[in-house]
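Down below is the structure, laid out as structure tokens.
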Amino acid sequence: MAQDHIRYDILAQDALRGVIRKVLTEVAATGRLPGDHHFFITFLTGAPGVRISQHLKAKYAEQMTIVIQHQFWDLKVTDSLFEIGLSFSDTPEKLVIPFNAIRGFYDPSVNFELEFDVPLAEEDEEGAEITAYPVSAAAAEHTEETAEKPAEEKKEGSVVSLDAFRKKQ
């Protein structure tokens, strides 16, 4: 198979992150979520550019999932990141999350999910393949309680590599 000099995998990942960016930009403009929409966003807490309190970093050393639903404030979106105010155990927190740190996005109101294969900080980033795959949300049922559980206790959806469906030459 020929080498991909264009890097379609990175282009596809950027395009899918653009979906998240566009949705959050629209929510920031109106200050509320439309209809019954709400979002679960899983991100790497140790990724470059992530800013969270030391308390949250200690509790979620690798990754955490936030829920954007009823109570959030000061949502600001740029080309590379978003900032949001959320409450954790009645303590207000400001989070800064680069789009490149996002591992998953899920809107249970319409059963829409994106997963990104982002290497953890401990993994060798040069050897890790970074791709994004839309996955069946039916594989991972998310509820309000999942946002409170540490990431390792959550059920993970299955990610299917497109290589399995390509013709071998």
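So the sequence shown is numbered by full-length UniProt numbering: it starts at 1 and just counts up by one. We put the beta carbon where it would ideally sit given N, CA and C, even for glycine.
Taking C-beta atoms as the reference points, I66 and F105 fail to come closer than 7 Å. If you draw a straight line from the Cα of E113 to the Cα of R17, it comes to about 12 Å.
Following the DSSP letters along the chain, one finds Q63 in no alpha helix (DSSP H) but inside the beta strand (DSSP E) bounded by residues 63–68. Residue ranges of uninterrupted alpha helix (DSSP H) with 4 or more members, entirely inside the segment 20–96 and ordered along the chain, are 54–59. Using a Cβ distance threshold of 7 Å, L44 and Q63 count as a contacting pair. Pairing Q71 with S87 gives a Cβ-Cβ distance under 7 Å.
The DSSP-derived three-state label of R7 is coil.
When S109, T91, D107 are compared, the shortest CA-CA separation from H55 is found for T91.
Our two residues, A47 and K22, have alpha carbons roughly 22 Å apart in a direct line. Minimum Cα-Cα distance from G35 among the listed residues P119, E115, D107 corresponds to D107. Contact check for I52 against L95 passes: the beta carbons are separated by less than 7 Å. Ranking L24, I97, D9 by CA distance to the CA of D117 puts D9 first. Collapsing the DSSP output to three states places D14 in a helix.
With contacts defined as CB atoms closer than 7 Å, I6 and V50 fail to qualify as a contacting pair.
Our two residues, V77 and I102, have alpha carbons roughly 14 Å apart in a direct line.
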